[in-house]
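Down below is the structure, laid out as structure tokens.
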Amino acid sequence: MSYRSGFVALVGKPNVGKSTLVNALVGKKVAITSSKPQTTRQRMLGVLHGDDFQAVLVDTPGMMEPKRKLHQSMIGAATEEAKQADLVLWLVESTHTPTSEDETVANFVAGLAGKQPVWVVLTKTDKSKEGVKEACEALLPAAARIFEVSSLSGDGVAELAAALEESLPEGPPYFPPHQLSEQNDKLWMSEVIREKVLDLTRQEIPHSVAVTIEELREGKKGPDSLYGRAILYVERDSQKGILIGKDGALLKKIGKLSREELEKQWGKSLFLDLWVKVKKDWRDREDWLRYLGYA
Ligand SMILES: Nc1nc2c(ncn2[C@@H]2O[C@H](COP(=O)(O)OP(=O)(O)O)[C@@H](O)[C@H]2O)c(=O)[nH]1
Ligand SMILES: [Mg+2]
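Numbering-wise (my numbering), the sequence shown opens with residue 115 and increments by one.
What follows is the structure, encoded as structure tokens:
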């Protein structure tokens with residue numbers, strides 16, 4: 115039998131469950147997720163392996179109205195990935211009737227539909243609302259197929275994976291058998307820390323934080339230990355105070371949760387050194403977006 119493979123881009127408005135679905139399809143956490151919109155800032159890959167089959171899942175930032183330079187590069191990343199993919203999955207929440215944001219994505223996707231297959235995926239079916247499916251069909255009449263999944267319960271995930279396996283074109287394996295993502299350790303570490311910030315903070319703080327890893331090396335306790343030093347950049351002095359918290363409590367908690375998750379994944383002990391710095395309005399600064407890997 116010939117080998118099948120391809121790039122599958124997941125697109126949709128923020129918070130519809132793109133990253134959670136990538137993790138569910140891959141069977142391992144390869145992308146961070148949170149209840150806050152705009153969690154994913156750059157392309158993340160997850161690899162779904164089968165017999166003589168490989169789907170490279172491209173998790174993209176949510177498409178929304180660009181208010182900052184950061185958003186422009188996020189949207190740019192999502193649209194570029196979609197255009198280059200072999201197949202596009204357009205995700206819509208089954209929990210709400212489509213909004214104007216969904217319509218914006220629908221218009222973009224409609225432009226692609228003539229060139230590459232686009233499937234609609236209704237997400238979060240564990241909480242779905244009636245009539246949403248029909249409303250989606252009205253948005254994109256040309257949609258070839260509609261799938262329904264819950265990444266939380268797992269319902270429909272295997273069916274979607276099987277459909278990908280049937281539909282992707284003949285092609286080469288892009289990644290070796292056991293590789294599930296392409297994120298290197300430093301990028302993954304910065305993402306895990308950012309996920310904890312997203313979980314533990316509110317309002318503008320989650321969106322104002324960027325994380326860089328300044329050092330990641332063997333720790334003092336030998337080959338089974340790691341030492342990592344990260345900087346959490348915020349946009350204003352007031353945000354720095356909030357992120358550190360009273361007597362450093364919040365920063366400690368961010369460090370503890372990040373360390374525990376990374377230690378479990380890597381099977382090594384980790385000493386994690388976190389610093390908070392202010393970089394005024396970095397989200398609107400081209401040079402900083404580049405430095406942080408977002409542009
Ligand atoms: N109930 C339910 N919640 C989900 C499901 N998939 C994702 N979520 C939640 O929706 C939120 C956004 O998910 P995320 O994957 O980060 O969305 P993204 O912005 O599209 O990547 C998170 O709080 C997830 O836990 C699902 O199948 N069911
Ligand atoms: Mg995401």
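The beta-carbon is built from N, C-alpha and C at its ideal position, and this holds for glycine as well. Since this is a predicted model, take the numbers as computed values, not measurements.
- The C-beta of GLU329 has fewer than 16 other C-beta atoms within 10 Å across all chains shown, which makes the residue exposed.
- For ARG404, the uninterrupted alpha helix (DSSP H) segment begins and ends at 400-405.
- Nearest to GLY342 by alpha-carbon distance, out of LYS150, ARG350, VAL325 and SER352, is VAL325.
- Counting the other CB atoms within 10 Å of its CB gives SER214 a total below 16, which places it among the exposed residues.
- When secondary structure is reduced to three states using DSSP, THR326 falls in the strand class.
- Listed in chain order, the non-local C-beta contacts of ARG397 below 6 Å within the same chain comprise ARG182 and LEU184, local neighbours out to five positions each way being set aside.
- For GLU207, the uninterrupted beta strand (DSSP E) run begins and ends at 201-207, by DSSP.
- Here LYS127 has GLY176, MET177, MET178, GLU215, ASP216 and VAL219 as same chain residues with Cβ atoms under 7 Å from its own Cβ, once five neighbours each way along the sequence are excluded.
- VAL125 places its beta carbon less than 7 Å from that of TRP204.
- For GLU296, the secondary structure class from DSSP, reduced to helix, strand or coil, is coil.
- Counting other Cβ atoms within 10 Å of its Cβ, GLN317 stays below 16 and is therefore classed as exposed.
- Secondary structure at PHE289: coil, using DSSP grouped into helix, strand and coil.
- DSSP, reduced to helix, strand and coil, places GLN168 within a strand of the structure shown.
- With contacts defined as CB atoms closer than 7 Å, GLU309 and ILE146 qualify as a contacting pair.
- Within the same chain, and ignoring the five residues on either side of LYS243 in sequence, the residues whose Cβ sits closer than 6 Å to its Cβ are THR209.
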